[in-house]
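Scroll down for the structure; my scribbles are underneath it.
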Amino acid sequence: MNRTKSQWLIVCLSILVYISSLFSFTYAAMTLHGTKDLPFGLHATYRHFQSASHFPLTFADIAPAGWDEQLPARITLISVNHNLLGLYDPALYFSRDLHYIQPGMLRGFSDTDYRAGNKVAYYMLENPSDIPDLVRAQVNAPEGLKIINGLGEDSGLYTEQTDYVVNMTSMEDIGNEVYLEGEREEVLMWSKGLEKQGFQLADKGKTALSDALIVFLSRFNRVSIFLYLSVLLYFLLFISIAMTELSAAGYVRMHHVFGGQGVSLFRVLHRELIFSVLLTALSFMSFFFIGRARGMFEYIELSGFVGYTFGHLAVVAGCTLFFHRVSLKLLQRRTQS
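Just so we're aligned, residue 8 is where the sequence shown starts under our numbering, counting upward by one.
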């Protein structure tokens, strides 16, 4: 096989490896995401913050300036403090979980409650239809806390360890854990307030590509088979590059005889490599637009795929350069001998 055909074989093999790996990694990440248990029934775009500080913080400490003037906002916050959950939900994300909507009697948290810091709460009910239980909860509620509704086991907020879901703006201590869910701009704004108070991001909710690879490479199933196949294709690619570069002594010798230099030699002999880089970039752009159109990046992190794309290009280019240098060294030794 002549050198031109060998180089085009490397181009085709490189693109095949990249695309097959891309689909394998995507399938692994989406499969792992499907097994994740999202807290409180939130979307995969949630953010989980934790703080090691035991200093009590109120809602006002983490809220951005003018938050009360921006209601209703497209954001939901949940804080965890022992047997209490704090809820700030002007986006009405959990309004569907309320079972007793009776005007003037039972209701949900309102913008007025949030602004005024009213001490209102929902009570956790094992049986959503147990109205007497809710009445007893209203009678036996802690002093100053008004029960305005109940949540059943079908609510994302329900846990056996939680007694009350309290208006978060009324809490004297919101606790050391906070979950955010909402529009990107709102989430970023509230995240800054949490970070200023010593909270650190513990989980973005999205599935990282590295996590998916670690999980599935430790197993032997349908997903891991495709991942191992991608690794095998890389070995074939490296062997093809090595054989093509090391067999180029004749081309290299002829180039040097006619006064060629290293840069011009690489440009002449590796035009296909440049073409391969362009095709790889085109493949990634296609993957990006398709993934964004299908909402895939709401569930898995794009950064892992960007890193893999640059890594793939670096490996192919680095391997080619390495064996190109080896070929030149071998030629020099033959010439000297």
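We treat Cβ as the ideally placed atom computed from N, Cα and C, and that holds for glycine. On a predicted model such as this, the values are computed, not experimentally measured, just so you know.
Given a threshold of 16 other Cβ atoms within 10 Å of its Cβ, counted over all protein chains shown, does residue i qualify as buried or as exposed?
i	result
Glu76	exposed
Leu99	exposed
Thr176	buried
His50	exposed
Trp15	exposed
Glu133	exposed
Ser58	buried
His61	exposed
Asp120	buried
Glu179	exposed
Asp104	buried
Met292	exposed
Ala36	buried
Gly314	exposed
Taking DSSP as the reference, what is the three-state secondary structure of residue i?
i	result
Gln145	helix
Lys153	strand
Gly189	strand
Leu320	helix
Tyr165	coil
Ala128	strand
Ala72	coil
Ala300	helix
Leu78	coil
Leu99	coil
Leu158	strand
So who's on the other strand from residue i, going by DSSP bridges?
i	result
Asn174	Leu94
Glu184	Gln57 and Val87
Gln207	Gln57
Leu285	According to DSSP, which records beta bridges pairwise, Leu285 is partnered with nothing at all.
Under 7 Å Cβ to Cβ from residue i, same chain only, skipping five residues before and after it: list those, please.
i	result
Phe47	Ile85, Gly163, Leu164 and Tyr186
Val284	Leu320
Ala288	none
Can you tell me which of the options puts its alpha carbon nearest to the alpha carbon of residue i?
i	options	result
Thr169	Tyr34, Ser290, Leu29 and Leu94	Leu94
Gln207	Leu20, Arg54, Leu16 and Thr38	Arg54
Ala70	His319, Met37 and Leu201	Leu201
Leu20	Phe245, Ala80, Met131 and Met196	Phe245
Thr38	Tyr315, Val333, Val323 and Met303	Met303
Lys211	Ala35, Val194 and Leu152	Val194
Thr65	Glu184, Gly115 and Ile232	Glu184
Asn156	Leu234, Thr83, Met131 and Phe317	Met131
Which residues in the same chain as residue i place their Cβ atom closer than 6 Å to its Cβ, once the five residues preceding and following it in sequence are excluded?
i	result
Leu91	Tyr171 and Val173
Leu78	Pro97 and Asp118
Gly124	Thr176 and Ser177
Measuring only between beta-carbons, confirm whether residue i sits less than 8 Å from chain B.
i	result
Phe32	This model lacks chain B altogether; it includes just one protein chain.
Can you name, in chain order, every residue of its own chain whose Cβ lies under 8 Å from the Cβ of residue i, other than the five neighbours on each side?
i	result
Leu240	Leu20, Leu23, Val24, Ser27 and Ser28
Trp74	Ala80
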